[in-house]
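Quick note: to get this note's numbering, add 497 to the position in the sequence shown (first position is 1). Note sheet for the following structure.
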Amino acid sequence: MTTTPSPVDVAFALLREGRLVDAESLMSRELRSAADKHGTGSPAWASAQCDLGNVLLNADQLDRAIECYRQAASAPPRDHETHKDQLTYRMNLGMALRLAGRLDEAEASLREGVQERLAFYGREHAGYAFGLEPLADLLLERGDGARARQVVEEAVANFWRNGHARVATALALRAAIVHAGGTGEPLFVGLDQLPDPVVEELAGAVVTRLDHADPASKELLAALIDAVGTRLGADHQATLNALSALANLSSDLGDQSGRVEAIERVLDSYDRQGRLEDAVTAALGLAMAQSETGDDDAALRTYEAAYRRADQVGRPELQSQVLRNWGLALNELGSTAPAEYRLTAALTQARRGADHETVGRALVALGLFFQHEARLPEAQRVLEEGLPLLGPAHPDALAGRSHLGAVLDGRTCGCGDMPGTIADAFREFVLTRLPTDLLERLDVTIEDGEFKIGVHLRREPTETELERLNAVFRSAHAEFRRSLQQPRYAG
């Protein structure tokens with residue numbers, strides 16, 4: 498029996514596809530419908546406000562999400578169930594305020610929520626502990642370790658006593674608080690008494706909360722790897738996920754040798770288990786890490802071994818990915834002929850598959866190679882073929898557009914005007930999502946790392962068009978914000 502997805506399920510599916518405007522528009526219609534049918538301030542209206550807030554929160558629209566949660570929490574409860582809902586809305590409000598850096602407001606909201614939960618549920622009920630956990634997290638962020646420890650210990654004891662699976666995230670938070678206190682106590686206790694799924698969730702919660710700018714996070718993560726590896730085994734996916742997180746954390750902290758060691762442990766496990774496709778992905782990460790440590794010979798050997806594995810898997814998209822990255826690495830080392838051979842083979846393999854993005858990435862990589870080799874007509878041909886296959890904010894699309902601009906200017910090196918390329922892509926993203934007769938001109942520039950927008954209307958927009966115009970601009974900002982921070986070509 499199939500079930501029809503709810504509007505909020507559809508909205509989050511749209512978010513995953515990068516269709517932020519459509520996701521927000523869908524939930525805004527649901528909110529208007531709830532107000533029309535049930536009235537402003539009704540439980541249905543409050544629920545729709547919360548759903549819209551959740552979508553906005555995941556689209557990095559924090560201030561608007563906060564207002565939605567505030568509206569939802571202001572609706573008077575009408576019975577036991579709607580009172581429970583209101584407690585959730587207040588907790589969401591406090592957590593969103595914290596994410597926005599409004600810590601005084603967040604603490605006030607979360608403390609009010611804890612008191613309301615205590616009155617509603619009683620101290621022994623798990624519903625009370627749900628409010629304690631985000632409060633403890635906020636106190637940790639504010640540097641109040643003593644109070645954070647007190648609150649989190651009460652939450653852990655409550656969830657444990659109730660046999661509630663939420664003990665996983667509470668234990669992860671407790672480990673972070675104990676670690677921050679520097680007392681030398683064991684960070685992870687009682688794992689042998691927990692079911693496997695709860696231990697897995699605990700591990701994921703620790704990884705999610707890591708501060709990648711803090712070297713102390715490595716100690717917390719290393720303790721997690723030891724604890725989870727002992728409890729679940731060295732080849733368990735939770736252990737491997739934690740090792741992968743260690744590789745990423747080491748990279749962010751500039752510890753490339755630590756990154757290599759962590760990836761090697763993951764790769765060895767995948768090989769032991771015969772998980773060829775996962776081993777290919779790990780090998781590509783290892784080769785990149787080896788290159789960044791300056792061990793180019795090891796990196797090339799790893800690419801070769803990765804391709805042998807990919808060949809055994811037999812999936813064209815995977816073979817193309819290995820060949821593309823291998824070719825890019827060879828080109829960086831000045832091995833022009835072997836690089837061209839593998840980049841061309843990457844495109845051949847990509848065309849055998851069914852994934853347009855893989856074809857687009859292979860074409861962009863080959864186009865950049867041709868440009869740098871002064872083969873401008875070939876570069877123009879493959880770049881113009883590849884760009885329509887990639888999303889406008891895709892890192893490879895931005896690099897390809899920038900290099901195509903250089904090609905059209907007759908230049909064989911340089912990446913063109915990357916800020917200008919990003920601005921052009923932003924402009925195209927907006928124009929293709931609005932009525933063609935609405936805008937006379939749209940000016941987009943980048944100044945001091947921020948988009949500067951000049952909108953020139955051809956006519957007065959309707960209320961619906963104005964809402965869509967604003968939504969499209971918010972979506973474009975969300976899509977291209979990361980491009981301003983990392984405008985480099987990603988192989």
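Glycine included, each C-beta is placed from N, C-alpha and C at the ideal position. Every value quoted in this text rests on a predicted model; they were computed, and no experiment measured them.
Within a Cβ cutoff of 6 Å, which residues of the same chain sit near Thr929, ignoring the five residues on either side of it in sequence? Position 432 of the sequence shown holds residue 929. Excluding residues within five positions, none has a Cβ falling inside 6 Å.
Whole-angstrom distance between Leu939 and Gly701, CA atom to CA atom: For the purposes of this step, residue 701 is taken as residue 204 along the sequence shown, with counting starting at 1. For the purposes of this step, residue 939 is taken as residue 442 along the sequence shown, with counting starting at 1. Computed Cα separation, rounded: 44 Å.
So what does His953 bridge to, in DSSP terms? For the purposes of this step, residue 953 is taken as the residue at position 456 of the sequence shown. According to DSSP, residue pairing for His953 in a beta bridge involves Arg938.
Nearest to Leu905 (by Cα), restricted to the options Pro874, Arg858, Gly679 and Ile919: As a first step, residue 905 must be located in the sequence shown, where it is residue number 408. Cα-wise, what sits closest to Leu905 is Pro874.
Can you say whether Gln690 is buried or exposed, counting buried as having 16 or more other CB atoms within 10 angstroms of its CB? As a first step, residue 690 must be located in the sequence shown, where it is residue number 193. When all chains shown are included, Gln690 counts as exposed.
Residues in its own chain within less than 6 Å of Ser748 by CB, not counting five upstream and five downstream? As a position in the sequence shown, residue 748 is number 251, starting the count at 1. Arg756, listed in sequence order.
Which stretch, first to last residue, makes up the alpha helix (DSSP H) that contains Thr727? What you label residue 727 is simply residue 230 of the sequence shown in a count that begins at 1. Taken as a continuous stretch (DSSP letters only), the alpha helix (DSSP H) holding Thr727 covers Ala713 to Leu729.
Using a Cβ distance threshold of 8 Å, determine whether the segment 522 to 540 contacts the segment 556 to 563, with at least three qualifying pairs required. The answer is no - the segment 556 to 563 does not touch the segment 522 to 540, with fewer than three Cβ pairs under 8 Å.
Residues in its own chain within less than 7 Å of Val927 by CB, not counting five upstream and five downstream? To locate residue 927, count along the sequence shown from 1; it is residue 430. Apart from sequence neighbours up to five positions away, the residues of its chain that approach Val927 with a beta-carbon distance below 7 Å are Leu939, Val969, Phe970 and Ala973, ordered along the chain.
Between the C-alpha atoms of Val695 and Phe627, what's the straight-line distance to the nearest angstrom? Counting from 1 along the sequence shown, the entry for residue 695 is found at position 198. Counting from 1 along the sequence shown, the entry for residue 627 is found at position 130. Distance from the CA atom of Val695 to the CA atom of Phe627, rounded to whole angstroms, is 16 Å.
Can you list, in chain order, the residues of its chain whose CB lies under 6 Å from that of Asp775, leaving out five sequence neighbours each side? Taking the sequence shown and counting its residues from 1, one reaches residue 775 at position 278. Same-chain partners within the cutoff: Tyr767.
Chain-order list of residues whose beta-carbon lies under 7 Å from that of Asp852 (same chain, five-residue window excluded): Locating residue 852 in the sequence shown gives position 355, counting from the first residue. Around Asp852: Glu814.
By Cβ distance below 6 Å, which residues in the same chain neighbour Leu517 in space, the five residues on each side in sequence not counted? In the sequence shown, the residue the question calls residue 517 occupies position 20. Excluding positions up to five away in sequence, the list reads Ala556, Ser972 and Ala975.
Residue environment, Gly610, which counts as buried when at least 16 other CB atoms sit within 10 Å: In the sequence shown, the residue the question calls residue 610 occupies position 113. Result: buried.
Backbone CA spacing between Leu512 and Val552 [nearest angstrom]: The sequence position of residue 512 within the sequence shown is 15, counting from 1. The sequence position of residue 552 within the sequence shown is 55, counting from 1. So the alpha carbons of these two residues sit roughly 8 Å apart.
Select from Glu697, Leu594 and Gln568 the residue whose C-alpha is nearest the C-alpha of Ala735. What you label residue 735 is simply residue 238 of the sequence shown in a count that begins at 1. Measuring from the Cα of Ala735, the nearest candidate turns out to be Glu697.
Would you say the segment 663 to 680 touches the segment 625 to 643, given that touching needs at least three Cβ pairs under 8 Å? In this structure the segment 663 to 680 touches the segment 625 to 643; the number of beta carbon pairs closer than 8 Å is three or more.
Which one of Arg772, Ile760 and Arg805 has the shortest CA to CA distance from Met785? To locate residue 785, count along the sequence shown from 1; it is residue 288. Nearest to Met785 by C-alpha distance, out of Arg772, Ile760 and Arg805, is Ile760.
In whole angstroms, what separates the C-alpha of Gln470 from that of Glu837? Past the boundaries of the shown model lies residue 470; the chain is included only from 498 to 988, so the question cannot be answered.
Looking at Arg587: is its Cβ nearer than 9 Å to the Cβ of Leu635? The residue labelled residue 587 in the question sits at position 90 within the sequence shown. The residue labelled residue 635 in the question sits at position 138 within the sequence shown. For Arg587 and Leu635, no; Cβs fall outside 9 Å.
Quick one, are the C-beta atoms of Ala724 and Leu684 less than 9 Å apart? What you label residue 724 is simply residue 227 of the sequence shown in a count that begins at 1. What you label residue 684 is simply residue 187 of the sequence shown in a count that begins at 1. Yes; because the gap between Cβ atoms is below 9 Å, this pair is in contact.
Which same chain residues, not among the five before or five after Trp823, have their C-beta less than 7 Å away from its C-beta? Position 326 of the sequence shown, counted from the first residue, corresponds to residue 823. Correct list, in chain order: Tyr800, Tyr804 and Arg839.
Express the C-alpha separation of Ser525 and Pro502 in angstroms, rounding to a whole number. Mapped onto the sequence shown, residue 502 falls at position 5. Mapped onto the sequence shown, residue 525 falls at position 28. Ser525 has its alpha-carbon roughly 17 Å from the corresponding atom of Pro502.
Can you tell me where the alpha helix (DSSP H) holding Gln690 begins and where it ends? Position 193 of the sequence shown, counted from the start, is the residue given in the question as residue 690. Boundaries cannot be given for Gln690, as no alpha helix (DSSP H) includes it and DSSP labels it neither H nor E.
Can we say the segment 566 to 575 touches the segment 543 to 550, given the rule of at least three CB pairs closer than 8 Å? Look at the beta carbons and you see the segment 566 to 575 touching the segment 543 to 550: at least three pairs across the two are nearer than 8 Å.
Considering Cα atoms alone, identify which of Gly888, Arg898, Pro835 and Ala795 is closest to Asp868. Looking up residue 868 in the sequence shown gives position 371. Inspection of the sequence shows that residue 868 is occupied by Gln rather than by Asp. Ranked by Cα distance from Gln868, the first of Gly888, Arg898, Pro835 and Ala795 is Arg898.
Got a sec, what are the start and stop residues for the alpha helix (DSSP H) Arg608 sits in? By one-based count along the sequence shown, residue 608 stands at place 111. Run containing Arg608: Leu600 to Tyr618, per the alpha helix (DSSP H) assignment.
Taking the continuous alpha helix (DSSP H) assigned at His709, which residues delimit it? By one-based count along the sequence shown, residue 709 stands at place 212. Secondary structure note for His709: it is in no alpha helix (DSSP H), with a DSSP letter that is neither H nor E.
Going along the chain, which residues of its own chain have a beta-carbon closer than 7 Å to the beta-carbon of Pro889, five neighbours each way excluded? Stepping through the sequence shown from its first residue, residue 889 is reached at position 392. Annotation for Pro889: Ala922, Glu925 and Phe926 place their beta carbon closer than 7 Å to its own, counting only its chain and skipping 5 residues before and after.
Quick one: what's got a C-beta closer than 6 Å to Thr579's C-beta in the same chain, skipping five residues either side? On the sequence shown, position 82 is the one that residue 579 refers to. Hits under 6 Å: Pro540.
Spatial neighbours of Ser714 within its chain, please: C-beta separation below 7 Å, excluding the five flanking residues on both sides. Here residue 714 refers to the residue found at position 217 when the sequence shown is read from its first residue. Taken in chain order, the residues that qualify are Leu707, Asp708 and Leu746.
Do Arg821 and Arg769 count as a contact pair if the criterion is CB distance below 9 Å? Mapped onto the sequence shown, residue 769 falls at position 272. Mapped onto the sequence shown, residue 821 falls at position 324. Not in contact: Arg769 and Arg821 (Cβ atoms no closer than 9 Å).
Assuming the contact rule is C-beta atoms closer than 8 Å, Leu668 and Val653 should be a hit. Round their C-beta distance to whole Å, please. Residue numbering aside, residue 668 sits at position 171 when the sequence shown is read from its first letter. Residue numbering aside, residue 653 sits at position 156 when the sequence shown is read from its first letter. So it is a contact: roughly 6 Å between Cβ atoms.
Would DSSP call Glu621 helix, strand or coil? Counting from one through the sequence shown, the residue named residue 621 turns up at place 124. Reduced to three states, the DSSP call for Glu621 is coil.
Pull up the DSSP beta-bridge partners for Phe948, would you. In the sequence shown, residue 948 corresponds to position 451, counting from 1. Phe948 pairs with Ile943.
Taking Leu935 as the reference, which of Thr942, Lys949, Asp732 and Pro958 has the closest Cα? On the sequence shown, residue 935 is found 438 positions in, with the first residue counted as 1. Out of Thr942, Lys949, Asp732 and Pro958, Pro958 has the C-alpha closest to the C-alpha of Leu935.
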